[in-house]
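Some notes on the structure that comes next.
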Amino acid sequence: MAVSTTRDPKLTLAEALDELGMSRAAFYRLRARGKAPRLLKLPNGQIRIRRSDLDSWWDTCEVSAC
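Take 939 as the starting number for the sequence shown in our numbering and just add one per residue.
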């Protein structure tokens, strides 16, 4: 069995917000309501978001066109 050596990339909060086109305040409002993507908080207090978590969150935000 082959073991994958690639790791799920982690984005800084600034990188994720830039990609989302969202302000830090708007992100924290979503987080307070439990509607933001999952976060990783590092021991030094910095925040990271896994690429897969951000992509999964984007998929849940998609609205189907009727």
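Where a beta carbon is used, it is the ideal one built from N, C-alpha and C, also for glycine.
query, result
"Start and end residues, alpha helix (DSSP H) containing Arg969", "Arg962 to Ala970"
"Leu949, enclosing beta strand (DSSP E) - first and last residue", "Lys948 to Thr950"
"Residues near Leu949 in its chain [Cβ-Cβ closer than 6 Å; skip 5 each side]", "Ile987"
"Coil, strand or helix - Leu955 by DSSP", "helix"
"Minimum C-alpha distance to Glu927 - residue among Asp993, Glu1000, Thr944 and Thr998", "In this structure the chain extends from 939 to 1004, so residue 927 is not present and cannot be described."
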